[in-house]
Amino acid sequence: MKIKINKQKIAFSLSVIFIALSFAVKSNNFLNSINTIFYKDKISIAKKESERFKEEDIKSHIGEILKTLKEGNDYIEKDIKNKDISKESEEIIDISIEATESIESSIKGLENYINKEKDIKNSIVLRAYYRDLKTYLKKGDFKGADNVLKNKIKFLIKEL
């Protein structure tokens, strides 16, 4: 019973983080476009500091998502070992796919990000791996699902 509650908590946490991160990125892009329209030639220190704090906040949210994805992967891995996938694990996979979309759009919103292109590609590939995982599990191919989870998904999460 405790595992079920934890899986639901992970699914809920991912969805809350996803919504908060989407809002942060959209509001950041909106504010940047307004600042561009009204203050084209004037770049103030206060603006740079607020952008830096917003970028740190977005990076922090991305870190939270990745941490939660790791926890979700642990539960999915337990289900794969037991060769029985619960509805909670299926929900975690679906929310993980949405979370990778959120990570991608968040990275696109960061202006001074060093590995921007590489991490955008990694988030797209990670989303594809979660879809592969979902397909393997629907087919009942637990060996293929275990391979994707351990060798591809966990590796890419470390890279992001």
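Sequential numbering from -13 applies to the sequence shown in our numbering. We put the beta carbon where it would ideally sit given N, CA and C, even for glycine. Small disclaimer: the values here were computed from a predicted structure and weren't measured.
Using a Cβ distance threshold of 8 angstroms, residue 51 and residue 3 count as a contacting pair.
Per DSSP, residue 96 lies in no alpha helix (DSSP H) segment and is marked neither H nor E. In the displayed model, residue 127 falls within coil according to three-state DSSP, outside both helix and strand.
With respect to the 8 angstroms criterion, residue 83 and residue 117 are classified as neighbours on the basis of their beta carbons. Ranked by Cα distance from residue 112, the options 56, -7, 69 and 71 are led by 56.
The stretch 61 to 75 makes no contact with the stretch 87 to 95, as fewer than three CB pairs between them are under 8 angstroms. Judged by DSSP in its simplified three-state form, residue 120 adopts helix. For residue -1, the closest C-alpha among the options 85, 132, 124 and 103 is that of 85.
Ranked by Cα distance from residue 72, the first of 126, 142 and 144 is 126.
Residue 69 is not a Cβ neighbour of residue 141, given a cutoff of 8 angstroms.
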